[in-house]
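Report on one structure; see the data block that follows.
There are 2 protein chains.
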Amino acid sequence: MTSASVRELLRLPAGPVDLSTLDSRGTPGFDGGKKEAKEELPELGPELADLQEKLFAEGYTDGTRRVLLVLQGMDTSGKGGVLSHVVGLLDPSGMHLKSFKKPTEEELAHDFLWRIERDVPAAGQVGIFDRSHYEDVLVVKVHQLAPAAEVERRYGAINDFEKRLAETGTTIVKCFLHISKETQKERLLARLDDPTKQWKFKPGDVDERGFWDEYQAAYTTALERCNTDVAPWYVIPSGRKWYRNWAIGQLLLEHLRGLDLDWPAPDYDVAEQRARLEKEQ
Amino acid sequence: MTSASVRELLRLPAGPVDLSTLDSRGTPGFDGGKKEAKEELPELGPELADLQEKLFAEGYTDGTRRVLLVLQGMDTSGKGGVLSHVVGLLDPSGMHLKSFKKPTEEELAHDFLWRIERDVPAAGQVGIFDRSHYEDVLVVKVHQLAPAAEVERRYGAINDFEKRLAETGTTIVKCFLHISKETQKERLLARLDDPTKQWKFKPGDVDERGFWDEYQAAYTTALERCNTDVAPWYVIPSGRKWYRNWAIGQLLLEHLRGLDLDWPAPDYDVAEQRARLEKEQ
Chain S
1268 MTSASVRELL RLPAGPVDLS TLDSRGTPGF DGGKKEAKEE LPELGPELAD LQEKLFAEGY
1328 TDGTRRVLLV LQGMDTSGKG GVLSHVVGLL DPSGMHLKSF KKPTEEELAH DFLWRIERDV
1388 PAAGQVGIFD RSHYEDVLVV KVHQLAPAAE VERRYGAIND FEKRLAETGT TIVKCFLHIS
1448 KETQKERLLA RLDDPTKQWK FKPGDVDERG FWDEYQAAYT TALERCNTDV APWYVIPSGR
1508 KWYRNWAIGQ LLLEHLRGLD LDWPAPDYDV AEQRARLEKE Q
Chain Y
1268 MTSASVRELL RLPAGPVDLS TLDSRGTPGF DGGKKEAKEE LPELGPELAD LQEKLFAEGY
1328 TDGTRRVLLV LQGMDTSGKG GVLSHVVGLL DPSGMHLKSF KKPTEEELAH DFLWRIERDV
1388 PAAGQVGIFD RSHYEDVLVV KVHQLAPAAE VERRYGAIND FEKRLAETGT TIVKCFLHIS
1448 KETQKERLLA RLDDPTKQWK FKPGDVDERG FWDEYQAAYT TALERCNTDV APWYVIPSGR
1508 KWYRNWAIGQ LLLEHLRGLD LDWPAPDYDV AEQRARLEKE Q
């Protein structure tokens, strides 16, 4: 079903960004429909797990490489769905998932990257950020939770931080889950109508929706200013859940394939160890 | 395929323990073989995920309940396999996995439970300990890494700690993955013979195997002295990987079922929120 590389198709080009011109319901790189995507996604699982285990094995021996998947998007864009359906395909052993919430008093008493640093993936791990340091130039900007000059400072600080992560072996995959305002409305209504989903809804979600345009503007600036070669943004059309999940699974797979992973050679003499084991009881 | 409750069948009875009399290759509660178990395990997934999401939803609203699965066992007993095949069935969102390694200098400068406390599951989470505070009465005892009186003190400290966790809403499920010395030898040899598994082997594994009897004695004491009603031990016959995985999946499921979980009722007026959403753009 796959044609061109999703990595190329969804890569945000350098330069000015206009979210209103980016299709939120497209299916770039996928020729089938919902049924095919739902069948094909779990089929990525074995190769994802195999590559992830090789990365873990590399980290277990002497490697330093790691992967960081960053998930950002408006409420209902599907971060939780990606965790269940895509991140759920990974082996829990080699995974480090961090869901960033509203910062604590202690976290606020430090620079915004302090709490982020503590949860970057270790060697061999695939890290997943459900929300991230980008909240510090999104919700913080929209609600003016920090002075404008401080928000302004953060774009450069983020680029420096991500550059350092990349230089020390981290493959960074930043995904913006793009939906329309109309899609959000449909999904919030669907939550209200479904007793198994009502718990996910908060009245504050409707208040936040009142700031839709301000959030889109803040995303636009973050996407434009933090779209570097070492930490590029991918814009994931997320109006169709099945495409969103498939695309992020595929994107992660393509990045893992790009690492040319292999099983590490043993740093001991296999025959000698075999003999030791055979000798004893 | 299931007959009696695995929870009852595998529960370690109170009183003296003799590991040599416990079958490590039995399949209590499962009437089929390898093929059936491998088919049945993933079929537990949807119910596990459903109950886990209900627990998460409860924690997201005002609940305090949580679950802690503790995995202990000799090298090659299959802790990693349980993570891949059983824990991998859970939704990453509501899961907190901690793999305890050799303690750091900082950790050693505190009481042994200091680092454990930091990784107990939060409300709504299923926590998984891959190794745990039991290492502090196992490897520590075998290699005399702490004075005998300190090790002796720890059994009571563990019981107090686990009682506190239980009192504050934690369902504790402690699994001892029981294998024979012969099985360990076979599995270590299999690692040496498989280039995709050689990275898991360390020459030190053979040295540790030299302390097999001391480890079994230390496990015996830990199983006897920390087998309480609020935090019972389950002895999982782990000589057959397929049974071990199925049994732990089933045990977790039975414990989640026992919590009588349900979707939390909304703490807002659904019709009112619907009207707010419909009114706006």
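From first to last, the protein sequence lines are chains S and Y. Residues 1268 to 1548 (the working numbering) make up the first sequence, in order. Residues 1268 to 1548 (the working numbering) make up the second sequence, in order. Here a beta-carbon is modelled for each residue, glycine too, at the ideal position from N, C-alpha and C.
Proximity test, Cβ basis, 8 Å: residue i and chain S
i         : result
Y/Asp1358 : yes
Y/Phe1478 : no
Y/Pro1470 : yes
Y/Gly1347 : yes
Y/Val1537 : yes
Y/Lys1305 : no
Y/Gly1516 : no
Y/Ala1457 : no
Y/Val1393 : no
Y/Val1354 : yes
Y/Val1473 : yes
Y/Val1273 : no
Y/Ala1324 : yes
Any C-beta of chain Y under 8 Å from that of residue i
i         : result
S/Trp1530 : yes
S/Pro1533 : yes
S/Thr1269 : The pLDDT assigned to S/Thr1269 is 49, lower than 50, so where the model puts this residue is not dependable; a value taken from the coordinates is nonetheless given after this. Answer no: the Cβ-Cβ gap between S/Thr1269 and chain Y never drops below 8 Å.
S/Thr1463 : yes
S/Gly1293 : no
S/Trp1466 : yes
S/Thr1328 : yes
S/Arg1541 : yes
S/Met1362 : yes
S/Leu1217 : With chain S covering 1268 to 1548 only, the question about residue 1217 of chain S has no answer from this structure.
Exposure of residue i, with buried meaning 16 or more beta-carbon neighbours within 10 Å
i         : result
Y/Trp1466 : buried
Y/Ser1287 : exposed
S/Thr1269 : Reliability of the predicted coordinates at S/Thr1269 is poor, the pLDDT of 49 falling under 50, and the value obtained from them is presented with this limitation in mind. That one is exposed.
S/Asn1331 : Per the sequence shown, residue 1331 of chain S should be read as Thr rather than Asn. Under this definition S/Thr1331 is an exposed residue.
S/Asp1342 : buried
Y/Thr1437 : buried
S/Tyr1535 : exposed
Y/Arg1421 : buried
S/Glu1372 : exposed
S/Ala1514 : buried
Y/Leu1364 : buried
Y/Pro1462 : exposed
Y/Leu1375 : exposed
S/His1445 : buried
S/His1410 : exposed
Segment limits, beta strand (DSSP E) that includes residue i
i         : result
Y/Arg1393 : The displayed chain sequence assigns Val, not Arg, to residue 1393 of chain Y. That run of the beta strand (DSSP E) goes Val1393 to Asp1397.
S/Val1502 : Trp1500 to Pro1504
Inter-residue CB distance, residue i and residue j (contact presumed, cutoff 8 Å)
i         : j         : result
Y/Leu1544 : S/Val1473 : 6 Å
S/Phe1367 : S/Phe1396 : 7 Å
S/Phe1379 : S/Asp1403 : 4 Å
S/Val1393 : S/Phe1443 : Contact flag wrong, Cβ pair sits at about 19 Å.
Y/Val1284 : Y/Thr1487 : 5 Å
Y/Gly1299 : Y/Leu1276 : Not confirmed; about 15 Å, so no contact.
S/Ala1433 : S/Val1387 : So it is not a contact: roughly 11 Å between Cβ atoms.
Y/Lys1508 : Y/Gly1345 : 6 Å
Y/Asn1523 : Y/Leu1318 : The sequence as given places Leu at residue 1523 of chain Y; Asn does not occur at that position. Right, the Cβ-Cβ distance comes to about 4 Å (below 8 Å), so this counts as a contact.
Y/Ala1390 : Y/Arg1333 : 6 Å
S/Leu1308 : S/Asn1512 : 6 Å
Start-to-end residues for the alpha helix (DSSP H) that takes in residue i
i         : result
Y/His1377 : From DSSP, Y/His1377 is part of no alpha helix (DSSP H); its letter is neither H nor E.
S/Gly1516 : Lys1508 to Arg1524
Y/Ala1413 : Careful: Y/Ala1413 lies outside any alpha helix (DSSP H) and carries neither H nor E.
S/Arg1543 : Val1537 to Lys1546
S/Val1404 : Where S/Val1404 is concerned, there is no enclosing alpha helix (DSSP H), given that its DSSP letter is neither H nor E.
Y/Arg1274 : Val1273 to Leu1277
S/Trp1381 : Trp1381 to Glu1384
Within chain B, the residues that residue i reaches when beta carbons sit closer than 9 Å
i         : result
Y/Lys1452 : Checking the listed chains, one finds no chain B in this structure; the protein chains it contains are S and Y.
Please give me, in chain order, every unbroken run of the beta strand (DSSP E) with length at least 3 that falls completely inside the stretch 1417-1482 of chain S. If we require 3 residues or more, the beta strand (DSSP E) runs fully inside the stretch 1417-1482 of chain S come out as 1437-1445.
Whole alpha helix (DSSP H) runs in the stretch 1286-1371 of chain Y with 4 or more residues, listed along the chain? Counting only runs of 4 or more, we get 1301-1327 and 1346-1352.
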